[in-house]
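Participant:
Protein chains in written order, with this note's numbering: chain F, 643 to 1063; chain S, 643 to 1063.
(1) With burial defined as no fewer than 16 other Cβ atoms inside 10 Å of the residue's Cβ, what is the status of residue 701 of chain F: buried or exposed?
(2) Can you give me the start and stop residues for the beta strand (DSSP E) that residue 992 of chain S sits inside?
(3) Buried or exposed for residue 758 of chain S, going by 16 or more other Cβ atoms inside 10 Å?
(4) In terms of residue numbering, what span does the alpha helix (DSSP H) encompassing residue 904 of chain S cover?
(5) Would you please state the rounded distance, in angstroms, between the beta carbons of residue 995 of chain F and residue 1039 of chain F? I believe it to be under 8 Å.
(6) Does residue 876 of chain F come within less than 7 Å of chain S when only Cβ atoms are used?
(7) Considering Cα atoms alone, identify which of S:780, S:671 and S:675 is closest to residue 681 of chain S.
(8) Assuming contact is defined by CB atoms lying nearer than 7 Å, are residue 941 of chain S and residue 948 of chain F in contact in what I supplied?
(9) In terms of alpha-carbon separation, which member of S:1049, S:649, S:1046 and S:827 lies closest to residue 792 of chain S?
(10) Between residue 934 of chain S and chain F, is the shortest Cβ-Cβ distance under 7 Å, so that the two count as touching?
(11) Suppose you measure from the CA of residue 653 of chain F to the CA of residue 1047 of chain F; what does that come to, to the nearest Å?
(12) Enumerate in chain order the residues of its own chain whose CB-to-CB distance from residue 867 of chain F is below 7 Å, with the five nearest sequence positions on each side excluded.
(13) Any beta-carbon of chain S closer than 7 Å to the one on residue 689 of chain F?
(14) Evaluate the contact criterion for the segment 964–979 of chain F versus the segment 893–902 of chain F: three or more CB pairs, one atom per stretch, below 8 Å.
(15) Going by CA-CA distance only, name the one from F:836, F:819 and F:910 that's closest to residue 874 of chain F.
(16) Confirm, please, whether the CB-CB distance from residue 733 of chain F to residue 761 of chain F is below 7 Å.
(17) If I follow the unbroken beta strand (DSSP E) through residue 947 of chain F, where does it start and stop?
(18) Mind checking the segment 1031–1059 of chain F against chain S and listing, in chain order, the residues whose C-beta falls within less than 9 Å of any C-beta there?
(19) Chain F beta carbons: is any one of them nearer than 7 Å to that of residue 781 of chain S?
(20) On the criterion of 16 or more Cβ atoms from any shown chain inside 10 Å, does residue 890 of chain S qualify as buried, or is it exposed?
(21) At a cut of 8 Å, does the segment 660–680 of chain S reach the segment 674–688 of chain F through at least three beta carbon pairs?
(22) List, in order along the chain, the chain S residues whose C-beta lies closer than 9 Å to that of residue 924 of chain F?
(23) Taking the alpha carbon of residue 871 of chain F as the point to measure from, which residue in F:855, F:882, F:846 and F:858 has its own alpha carbon closest?
(24) Let me check one thing: in DSSP terms, what residues is residue 1017 of chain F bridge-paired to?
(25) Using a Cβ cut-off of 8 Å, which residues of the segment 651–672 of chain S contact any Cβ in chain F, in chain order?
(26) For a test of the three-state rule: what should DSSP assign to residue 893 of chain S, helix, strand or coil?
(27) Measuring CA to CA, which of S:1049, S:771 and S:728 is closest to residue 737 of chain S?
(28) Pull out every residue of the segment 951–970 of chain F whose Cβ sits closer than 7 Å to any Cβ of chain S, in chain order.
(29) Please check the pair residue 1036 of chain S and residue 922 of chain S, which I expect to be a contact at CB under 8 Å, by giving their CB distance rounded to whole angstroms.
(30) Counting along the chain, where does the beta strand (DSSP E) carrying residue 707 of chain F start and finish?
(31) Under 8 Å between beta-carbons, which chain S residues line up against residue 724 of chain F? List them in chain order, please.
(32) Would you report the Cα separation of residue 1034 of chain F and residue 729 of chain S, rounded to the nearest angstrom?
(33) Which runs of the alpha helix (DSSP H) at least 4 residues long sit entirely within the segment 787–811 of chain F? Give them in chain order.
(34) Where do the ends of the beta strand (DSSP E) carrying residue 1072 of chain S lie?
(35) Could you check if residue 886 of chain F is buried or exposed, using at least 16 other CB atoms within 10 Å of its CB as the buried criterion?
(36) May I ask you to list, following chain order, the residues of the segment 882–900 of chain F that have a beta carbon less than 8 Å from some beta carbon of chain S?
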């Protein structure tokens, strides 16, 4: 079956906000096995919205509209959809009660126009909205299904997942399911080379690679009648990818980030960690600390931006700074060694680099970064050349540090391999 | 004049990427005084793209297409647009030379299909692409202007700004210009109350408020024949906003962020700064260090996540931690005082809080954060209650710390007011 998205809102046409609802809905619909050929954005204009909806209904089985369900005069989606589908609007007692309850819970009084939100196209399926006052609606007619959703993402998403997805799954019993294999330490082109025959040869499941900052994601997507069948198709392909990419795979779970994988590796080996950051200025620590439960491994860290801080806090030698400069292999190594000594942490990571925009030379250009990782006294230093602006260079450096930490820990504890963990 | 956007790409229809190009182009076009009524996304499909382009040309003066200019068989935008506009494709010598040069600079050899990118619709205006191999094209015909742009944002944006904007400005001499007034320390509803008569009464320029994390932006937008006239309209309104919001305004310049405003305030007063972060784990330092030139004010900082780190590094008393807990007004104050003493910095900021998801109690719920700011020995501590997930709570805390730093410095140096700086 085909689905089409219509996002309603002048703020989208003016570019004031990015259309994340379209990406969200498109991804979910693809996952349900629905084919989406068109997405349209229109403003809060009656005639243009009506024309757009007519066109969509003619060419697609399911039309999902988002936005324009608010209480004001500008909000026209429900009125237009009702007219196009030939349904009159009638008050829905349940929706009225929900609106009353919503305001009562907040100690507020609804205004007259709020009751407009309790009007529902006759015989429409009401989709409750626990996160706002606008209920959603499904209007079904022969082979046409029109779904109206509120625009705010925190209202749209739970409504779609709890009410629209089950409805659509009944319409289209086949599903598309995918699993993501997350890889670090090798680039996208290397991953593609290693998996070329699988990428080219596989029809179901299919393989696609996505380059991210410091990592590559491989998405394995299967079409099947049900989730169980899809998993049966995906499993051997993921196994084959694991056998080819080995330790470069840090997870096969959607919700595990690189920093979480590193924190879990530290926890599994009962290691503590600390960071001394120059150009990244706290980005690496901040990413680690975003992982719940990090307190068992991360106790303290340092932002050593000035040379003096590198000397006083970490014990980097003045002669090293003078001879090799703050951005050098030698300084990175002394930072990591000093940090390990100072903090008594098992793993100590240091970052020093030139994030720009100024300060670059021919010998040491902007983007040059050294990262050192000390695991129980053994130090590894790596040189990197990143491109982009100050922020992207710093973000790339923080990601690279996570990758380096992971590989150094795995190497040190070489008996711990991906398969066994 | 009207403009319409068509974004071409299956990855958009599948929801694999968010359509940031549409938001970017829409915002730029609105700034040029063009009216945009429709945005459409279609896949790399010849027939559907052709139909979409036909519809767009019928109802809009200018059609901007992005994506589908790559070298592969899938990339059809140029072919379809040429056919719809009745132009044949001919090789452009300049574009061929650019492609040669692009590959030579990277020590690579173009493949046969790369030369496809040198084909241009007859009499089309070639838009050079220094950041990739696909040139852009403008096909103009009576009152129809079709603009073809490459999909990657780092190619599309400079091409649009350097070549398409000047072209469009000639078509539509009227412009829309705006200035943003950035405010911190008061919420959006307070700002709206203080400016209500201006927001309601103004027709040209118009005022709109946008809530951001820890700050509010007020956009003043004027329609005028030229930039100079627009500025003349905007100036008195910005002056009036300044007189009402005073020191809560941290900048009226688009490119100045809150962290940059704080760094500039530190520089102007020759102050050094340091941070000790618990729940934010380096986010505040990382934001400060993203400002170029920060090295004159920021030397070193600390991530004191554990209680031991708060004691050992900052000298927080064991009895304070035991009696009041790590997340308390007292601990925040001792952290800031200890940090100021340790670092000899003029300004010392500490953050301690509960970012969750676990660890909250009825008395101290997740989202409770204390921030202390010590300016030359004078300490201010504030209590905050943020909502959201671990990441959003931490980001809100870092923003709040910047706002607190700014107000404490302004208060200490009360002779330095916004107007005089």
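Note that CB positions come from ideal geometry on N, CA and C, so glycine has one too.
Facilitator: Here's the rundown:
(1) In the first chain, the residue the question calls residue 701 of chain F occupies position 59. With fewer than 16 neighbouring CB atoms inside 10 Å of its own CB, residue 701 of chain F falls in the exposed class.
(2) Indexing the second chain from 1 puts residue 992 of chain S at position 350. In the DSSP assignment, residue 992 of chain S falls within the unbroken beta strand (DSSP E) covering 989–995.
(3) Counting from 1 along the second chain, the entry for residue 758 of chain S is found at position 116. Label assigned to residue 758 of chain S: buried.
(4) If you number the second chain from 1, residue 904 of chain S lands on position 262. 900–910 is the extent of the alpha helix (DSSP H) around residue 904 of chain S.
(5) On the first chain, position 353 is the one that residue 995 of chain F refers to. On the first chain, position 397 is the one that residue 1039 of chain F refers to. The C-beta distance from residue 995 of chain F to residue 1039 of chain F rounds to 6 Å, short enough to fall under 8 Å.
(6) Against the first chain, residue 876 of chain F aligns to sequence position 234. With respect to chain S, the C-beta atom of residue 876 of chain F has no partner C-beta closer than 7 Å.
(7) Residue 681 of chain S sits at position 39 when you count from the first residue of the second chain. The option with the nearest alpha carbon to residue 681 of chain S is S:671.
(8) Numbered from its first residue, the second chain carries residue 941 of chain S at position 299. Numbered from its first residue, the first chain carries residue 948 of chain F at position 306. Contact check for residue 941 of chain S against residue 948 of chain F passes: the beta carbons are separated by less than 7 Å.
(9) Counted from its first residue, the second chain places residue 792 of chain S at position 150. Scanning S:1049, S:649, S:1046 and S:827 for the CA closest to the CA of residue 792 of chain S turns up S:649.
(10) The residue labelled residue 934 of chain S in the question sits at position 292 within the second chain. It does; some Cβ of chain F falls within 7 Å.
(11) In the first chain, the residue the question calls residue 653 of chain F occupies position 11. In the first chain, the residue the question calls residue 1047 of chain F occupies position 405. Distance from the CA atom of residue 653 of chain F to the CA atom of residue 1047 of chain F, rounded to whole angstroms, is 43 Å.
(12) Position 225 of the first chain, counted from the first residue, corresponds to residue 867 of chain F. If we look at residue 867 of chain F and ignore the five residues flanking it on each side, its Cβ neighbours are 815 and 816.
(13) Here residue 689 of chain F refers to the residue found at position 47 of the first chain. No, because no Cβ of chain S sits closer than 7 Å to the Cβ of residue 689 of chain F.
(14) Because the criterion of three Cβ pairs below 8 Å is not met, the segment 964–979 of chain F and the segment 893–902 of chain F do not touch.
(15) As a position in the first chain, residue 874 of chain F is number 232, starting the count at 1. Across the set F:836, F:819 and F:910, the C-alpha of F:819 shows the shortest separation from the C-alpha of residue 874 of chain F.
(16) Reading the first chain from its first residue, position 119 is the one you call residue 761 of chain F. Reading the first chain from its first residue, position 91 is the one you call residue 733 of chain F. It is a contact, given that the beta carbons lie within the stated cut-off.
(17) Along the first chain, read from residue 1 onward, the residue named residue 947 of chain F stands at position 305. Unbroken run through residue 947 of chain F: none, as it is neither H nor E.
(18) Residues of the segment 1031–1059 of chain F whose Cβ lies closer than 9 Å to any Cβ of chain S, in chain order: 1032, 1033, 1036 and 1040.
(19) Start at 1 with the first residue of the second chain, and residue 781 of chain S comes out as number 139. Not one chain F Cβ lies under 7 Å of residue 781 of chain S.
(20) Working through the second chain from its first residue, we reach residue 890 of chain S at position 248. Per the 10 Å Cβ criterion, buried.
(21) Here the segment 660–680 of chain S lies against the segment 674–688 of chain F, with 3 or more beta-carbon pairs under 8 Å apart.
(22) Sequence index remark: in the first chain, residue 924 of chain F carries index 282 (1-based). 917, 919, 922, 923, 924, 925, 926, 927, 928, 929, 930, 931, 943 and 945, listed in chain order.
(23) Here residue 871 of chain F is taken as the residue at index 229 of the first chain, counted from 1. Among F:855, F:882, F:846 and F:858, the Cα nearest to that of residue 871 of chain F is on F:846.
(24) Here residue 1017 of chain F is taken as the residue at index 375 of the first chain, counted from 1. Under DSSP, residue 1017 of chain F shares a beta bridge with F:989 and F:1020.
(25) If you check each beta-carbon in the segment 651–672 of chain S against every beta-carbon of chain F, the ones closer than 8 Å belong to 654, 655, 656, 657, 658, 659, 660, 661, 662, 664, 665, 666, 667, 668, 669, 670, 671 and 672.
(26) Position 251 of the second chain, counting from 1, holds the residue named residue 893 of chain S. The answer is strand: DSSP assigns residue 893 of chain S an E or B state.
(27) As a working mapping, residue 737 of chain S is identified with position 95 in the second chain. With distances taken between Cα atoms, residue 737 of chain S lies closest to S:771.
(28) Cβ contacts with chain S: 951 and 955.
(29) Working through the second chain from its first residue, we reach residue 1036 of chain S at position 394. Working through the second chain from its first residue, we reach residue 922 of chain S at position 280. The beta carbons of residue 1036 of chain S and residue 922 of chain S sit about 5 Å from each other, so the pair counts as a contact at 8 Å.
(30) Counting from one through the first chain, the residue named residue 707 of chain F turns up at place 65. Membership of residue 707 of chain F in the beta strand (DSSP E) is indicated by the continuous run 704–708.
(31) As a working mapping, residue 724 of chain F is identified with position 82 in the first chain. Under the 8 Å cutoff, chain S gives no residues; its nearest Cβ is about 22 Å from residue 724 of chain F.
(32) By one-based count along the first chain, residue 1034 of chain F stands at place 392. By one-based count along the second chain, residue 729 of chain S stands at place 87. Those two C-alpha atoms are separated by around 41 Å.
(33) As far as the segment 787–811 of chain F is concerned, its whole alpha helix (DSSP H) runs of at least 4 residues are 795–801.
(34) Nothing can be reported for residue 1072 of chain S, as the shown portion of chain S is limited to 643 through 1063.
(35) Residue 886 of chain F sits at position 244 when you count from the first residue of the first chain. The residue in question, residue 886 of chain F, is exposed, as its Cβ has fewer than 16 Cβ neighbours within 10 Å.
(36) The residues in question: there are none.
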